[in-house]
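Student:
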Amino acid sequence: MDSKTFHIYVITHKPFPFPLPPHYQKLYVGAARLAPEEKASLKGYVFDDSGVNISEKNSSYCELTGLYWLWKNQPDDAIVGITHYRRFFGKPGKYLSIEGASRLLQKADMVVARRQWVEGNVKVHFETFHCKEDLRLLRSIIQKKYPECLDSFDCAMSKCFLFSYNMMVCRKEVFDAYCVWLFDILEECEGQADLSAYDDYQKRIFGFLAERLLLVYLLHHQMKVAEVPVLETELDKSAKWASDKWKMITVAKNFFTNRGVGTMRYRRKGR
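In the numbering used here, the protein residues as written are -10 to 260.
Spelled out as C-alpha cells, the structure:
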C-alpha cells in the first residue's frame, strides 16, 4: 500500500498543539463558524467547510461533518482512518501506525474501536441516555428506505455492545459505501426529528445515532472487523506528545483483542 494514499484523520473542533506522526492529518470540523483570520492562524489543518460539505451542521452531526467531507472531497485516498484529538487507536505510548493498520486490513474489512459493553442492550442504553422517540424514528426510516436492513437493525438493538466514537479505518470504497447509506438515513431523520427542546448535548443526536448505525451496517454486511483498543489521551496521563516520543507500532499478534479479526454475524443474541 502506498502510504501517500493512506491517511488517518484526527478530527477536532478546537486547536490542539501536539505533533502527529507521519500520515496523520488534523481535520477541523465545524470550520464554517471560524473567521478567516482564525483559519489562517491554524497551520497544518484541513477544514470541513471546503468543497461539498455540511460543516454548518456540526452541532448536531459532530464528527460526522468530517466523515461527510472525506467522503465527498478526498477521492485519492485509498484507505482512510478516523480518530479524534483525544482518542486514538492504540495503547499508552503506542499508537496505531500506517503499517499496522495495513496489516489489519489484510484480514479485516474495517478496524473499529474495541467493543464497549452497555447495560441491558443497545436499545435500552440509548433510551436511557437519549430520547427514545429518535430511535423509533430511526427504525421507521430504515423500514421505509432499507427494509432489507430491518432485521439487522433489530439484531443490533438487542446486542449489549457498541463500536463507539465513530472511529474506523478501512478502504475508501468501503468507507464511501457506508457513507452513502449512513447519510441517506440521517438526512431523512434530520428532516423529521424535532430538536427544539434539546440541550447542546442532546442536539448531537445524529452522532449518537451513527454509533448505533455502524453496528447495524457491519452486521448486515457480515463484515470482518479488527477491534483495537482506544487510548483516551485526556485520561491517560502517561501519553507523551513530543514528536520524538511517538512510538509507532506494527501490529503484533498481541495487539488484537482476544477476539482477533472476527466476522459480524447476524444472531439475535446479546453477545
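Every residue gets a Cβ at the ideal spot worked out from N, C-alpha and C, and that includes glycine.
#1: Taking the C-alpha atoms as reference points, what is the distance between residue 185 and residue 191?
#2: Between the region 68 to 88 and the region 132 to 139, do at least 3 Cβ pairs fall closer than 8 Å?
#3: Determine the direct distance from the alpha carbon of residue 216 to that of residue 39, and round the result to whole angstroms.
#4: Just how far apart, CA to CA, sit residue 67 and residue 60?
#5: For residue 63, which option in 171, 165, 49, 100 has the closest C-alpha, if you only look at C-alpha atoms?
#6: When you compare each of 219, 29, 57 to residue 169 by their alpha carbons, which one comes out closest?
#7: Assign residue 117 to one of two classes, buried (16 or more other C-beta atoms within 10 Å of its C-beta) or exposed (fewer than that).
#8: According to DSSP, simplified to helix, strand and coil, what is residue 182?
#9: Enumerate in chain order the residues of its own chain whose CB-to-CB distance from residue 209 is below 6 Å, with the five nearest sequence positions on each side excluded.
#10: Return the CA-CA distance between residue 179 and residue 123, expressed in angstroms with no decimal places.
#11: Using 8 Å as the threshold, is the region 93 to 108 in touch with the region 16 to 27, meaning 3 or more CB pairs across them?
#12: Do you know how far the Cα of residue 28 is from the Cα of residue 16?
#13: Leaving out the 5 sequence neighbours to the left and right, which residues in its chain are closer than 7 Å to residue 197 when beta-carbon positions are compared?
#14: Taking just the CA atoms, how far does residue 104 sit from residue 1?
#15: Going by Cα to Cα distance, which pick from 144, 8, 110 is closest to residue 84?
#16: Closer than 8 Å by C-beta to residue 14: which residues in its own chain qualify, once you throw out the five before and the five after it? Chain order, please.
#17: DSSP state of residue 104, grouped into three classes?
#18: For the alpha helix (DSSP H) holding residue 90, just list the boundary residues, first then last.
#19: List the residues that DSSP assigns as beta-bridge partners of residue -3.
Tutor: Once the coordinates are examined:
#1: Cα-Cα distance, rounded: 10 Å.
#2: Between the region 68 to 88 and the region 132 to 139, the count of C-beta pairs closer than 8 Å stays below three; the two stretches do not touch.
#3: Their Cα atoms are separated by approximately 32 Å.
#4: Rounded to the nearest whole angstrom, the C-alpha separation of residue 67 and residue 60 is 12 Å.
#5: Comparing Cα positions, the closest option is 165.
#6: Looking at the Cα atoms, 57 is the closest of the given residues.
#7: Exposed, by the Cβ-count rule.
#8: Here residue 182 carries a coil assignment [DSSP, helix/strand/coil].
#9: So the qualifying residues of the chain are 138, 141.
#10: When rounded, the distance between both Cα atoms is 10 Å.
#11: By the Cβ test, the region 93 to 108 is not in contact with the region 16 to 27, since fewer than three Cβ pairs between them sit closer than 8 Å.
#12: A straight line joining the alpha-carbon of residue 16 with that of residue 28 spans about 12 Å.
#13: The residues are 119.
#14: Computed Cα separation, rounded: 22 Å.
#15: Considering only alpha carbons, the answer is 8.
#16: Taken in chain order, the residues that qualify are -4, -3, -2, -1, 35.
#17: Correct three-state label for residue 104: coil.
#18: It spans 87 to 93 - the alpha helix (DSSP H) in which residue 90 sits, taken as one unbroken run.
#19: Residue -3 has 13, 70 as its beta-bridge partners, per DSSP.
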